[in-house]
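J.: Residue numbers (my numbering), protein chains in the order written: chain Z, 82 to 276; chain H, 360 to 539.
Please see the structure below; I have some questions.
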Amino acid sequence: MPAQKIEHPDSIIPRKAGVAPGEGPEKGLITLPGETSREAEDLAGGTYLTTKLDTMVNWARGNSLWPLPFGTACCAIEFMSMVSSHYDVARFGAEVVRFSPRQADLMIVAGTIVDKMGPVLKKIYDQMPEPKYVLAMGACATSGGFYRVYHVMQGIDEVIPVDIWVPGCPPTPDGLMYGILKLKDKIERGEIKRG
Amino acid sequence: MRVEHPKPRWTDRFLLLDLFEGLKTTFYELFQPKVTVRYPEERLEPADRFRGMFKFSYDRCIACKLCAQACPIDIIYIDVHDEQREVDGKMKKLKVLDRYDIDVKRCMFCALCEEACPTKPKSIWLTTKTYELASYDRNDLYFNMQELEYWDERPRYTGLPEENAPTQLEGQKMLTGGHE
């Protein structure tokens with residue numbers, strides 16, 4: 082499937098288009114969280130059961146993102162802060178931090194990934210069961226950051242697919258939580274189709 | 360070194376009193392005030408000197424490139440050309456900005472560019488208290504001149520569906536500031 086550019090109305094960046102009038106979910110229908118206008122059209126087409134099932138599955142997936150912290154640097158400290166009580170990501174069902182990739186849904190790559198770490202990252206990503214999502218946290222994982230050098234990976238999308246990018250050095254716990262919320266939105270809208 | 364443990368009494372064994380000894384803390388904390396900030400609804404306001412997302416002012420900028428020189432990782436890209444313009448009745452040679460891009464995905468928010476800026480008030484500053492920068496696409500984190508100036512003209516993300524989200528045309532108008 083070719084990569085599609087996803088336009089999200091909730092972005093803070095104004096260049097992305099919002100929801101045009103008439104494109105939103107229609108009023109009067111039973112709407113579950115994550116339902117889009119496309120699914121509303123499918124309703125009329127008689128594919129009620131499958132679309133509803135997809136919506137339910139996406140809703141459940143979005144609300145139970147068990148993170149795997151791939152913390153190699155200081156960003157992991159902010160991740161700990163997000164999990165603990167002042168920010169408390171447990172409100173979104175992502176509190177069960179799993180250090181085994183076989184039990185995790187969301188891989189939070191927090192920190193500098195040097196070239197030697199690349200195969201390890203790929204291996205751990207491959208060990209995660211489907212559906213799996215990746216969040217690149219911090220400047221280093223996103224783009225290499227200030228390590229503009231030969232031995233640091235300039236963005237982890239060189240080895241694994243990434244669903245959401247959170248810049249910052251490091252991002253604040255709120256900023257990271259915003260990233261997880263955006264990822265949750267994306268999953269619930271059914272825009273990630275893998276596995 | 361030998362550690363002497365107290366011999367457990369039979370009451371401890373059968374009534375599990377040790378368990379409740381530990382649970383005392385749990386019950387105590389249960390009635391303490393909650394510290395959690397409910398993020399999408401409430402927002403923890405950063406301190407005044409918090410360095411968040413950039414904001415740029417085209418009108419104040421004098422195109423001196425000092426910020427680009429101060430940047431430790433060279434992520435500010437500036438292109439300038441000279442132009443003859445009439446200022447106060449005299450023809451003067453002025454520098455005009457063609458390009459002012461910041462690669463925010465690489466930035467470490469050190470605010471050295473803000474310190475280097477000679478204009479008063481600063482034409483680039485980081486005290487916007489904004490940290491919601493997550494993006495679905497890596498290339499969206501590369502901000503050009505217009506985006507640096509107008510990114511905050513949208514309401515903040517609240518976690519709730521936007522009823523009055525701007526249309527594409529309105530978004531473009533915001534982006535260009537109404538010109539063209």
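We put the CB at the ideal spot given by N, CA and C, even for glycine.
Here the structure is a predicted model, which is why all the values come from computation and not from measurement.
(1) Applying the criterion that 16 or more other CB atoms from any shown protein chain within 10 Å of the CB defines a buried residue, is Tyr231/Z buried or exposed?
(2) With C-beta atoms as the reference, is Ile461/H less than 9 angstroms away from Phe409/H?
(3) The region 178–199 of chain Z: which residues have C-beta closer than 8 angstroms to a C-beta of chain H, in chain order?
(4) Tell me where the alpha helix (DSSP H) around Arg408/H begins and ends.
(5) Would you mind working out which of Leu507/H, Val362/H and His364/H sits nearest Tyr436/H, comparing C-alpha positions?
(6) Under 8 angstroms between beta-carbons, which chain Z residues line up against Leu485/H? List them in chain order, please.
(7) Should Leu382/H be labelled buried (16 or more other beta-carbon atoms within 10 Å of its own) or exposed?
(8) For Asp511/H, which three-state DSSP category applies?
(9) Would you kindly work out how many angstroms separate the C-alpha atoms of Ala427/H and Ala141/Z, rounded to a whole number?
(10) Could you give the residue range of the beta strand (DSSP E) that holds Arg372/H?
(11) According to DSSP, is Ser542/H helix, strand or coil?
(12) So Met163/Z and Leu257/Z are supposed to be a Cβ contact under 8 angstroms. How far apart are they, rounded?
(13) Measuring alpha carbon to alpha carbon, tell me which residue in Phe468/H, Thr478/H and Ala475/H is nearest Pro251/Z.
(14) Are the C-beta of Arg458/H and some C-beta of chain Z separated by less than 9 angstroms?
(15) Kindly list, in the order they appear in chain H, the residues whose Cβ is closer than 9 angstroms to that of Gly326/Z.
(16) Provide the residue span of the alpha helix (DSSP H) that contains Leu500/H, from first to last.
(17) So the candidates are Phe502/H, Ser494/H and Glu512/H; which of them puts its Cα closest to the Cα of Lys263/Z?
(18) Ordered along the chain, which non-local residues of its own chain (more than five positions away) have a Cβ less than 7 angstroms from that of Asp371/H?
(19) According to DSSP, is Asp462/H part of a helix, a strand, or is it coil?
T.: Taking the coordinates as given:
(1) As a first step, residue 231/Z must be located in the first sequence, where it is residue number 150. Flag for Tyr231/Z reads exposed.
(2) Here residue 461/H refers to the residue found at position 102 of the second sequence. Here residue 409/H refers to the residue found at position 50 of the second sequence. No, the Cβ-Cβ distance between Ile461/H and Phe409/H is not below 9 angstroms.
(3) none
(4) Counting from one through the second sequence, the residue named residue 408/H turns up at place 49. Taken as a continuous stretch (DSSP letters only), Arg408/H belongs to no alpha helix (DSSP H), as it is neither H nor E.
(5) As a first step, residue 436/H is located in the second sequence; it is residue number 77 there, counting from the start. Checked all of Leu507/H, Val362/H and His364/H; the closest Cα to Tyr436/H is Leu507/H.
(6) Counting from one through the second sequence, the residue named residue 485/H turns up at place 126. Ordered by position in chain Z, no residue passes the 8 angstroms Cβ test against Leu485/H, which lies about 12 angstroms from the chain.
(7) As a working mapping, residue 382/H is identified with position 23 in the second sequence. Leu382/H should be labelled exposed.
(8) In the second sequence, residue 511/H corresponds to position 152, counting from 1. Coil.
(9) For the purposes of this step, residue 427/H is identified with residue 68 of the second sequence, where counting begins at 1. For the purposes of this step, residue 141/Z is identified with residue 60 of the first sequence, where counting begins at 1. Approximately 47 angstroms between the Cα atoms of the pair.
(10) Here residue 372/H refers to the residue found at position 13 when the second sequence is read from its first residue. From DSSP, Arg372/H is part of no beta strand (DSSP E) but of the alpha helix (DSSP H) over Trp369 to Leu374.
(11) Nothing about residue 542/H can be reported from this structure: the residues present for chain H run from 360 to 539 only.
(12) Numbered from its first residue, the first sequence carries residue 163/Z at position 82. Numbered from its first residue, the first sequence carries residue 257/Z at position 176. About 5 angstroms separates the two Cβ atoms, so the contact holds.
(13) For the purposes of this step, residue 251/Z is taken as residue 170 along the first sequence, with counting starting at 1. Checking every option, the nearest Cα to that of Pro251/Z belongs to Phe468/H.
(14) Locating residue 458/H in the second sequence gives position 99, where the first residue counts as 1. Not closer than 9 angstroms to any Cβ of chain Z, the Cβ of Arg458/H fails to qualify, so no.
(15) Here chain Z comprises residues numbered 82 to 276, so residue 326/Z is not present and cannot be evaluated.
(16) Position 141 of the second sequence, counting from 1, holds the residue named residue 500/H. First-last for Leu500/H: undefined, no H or E at that position.
(17) Taking the first residue of the first sequence as 1, we reach residue 263/Z at position 182. Selected option, being the one with the closest Cα: Ser494/H.
(18) Taking the second sequence and counting its residues from 1, one reaches residue 371/H at position 12. Answer for Asp371/H: Asp377, listed in chain order.
(19) Sequence index remark: in the second sequence, residue 462/H carries index 103 (1-based). The answer is strand: DSSP assigns Asp462/H an E or B state.
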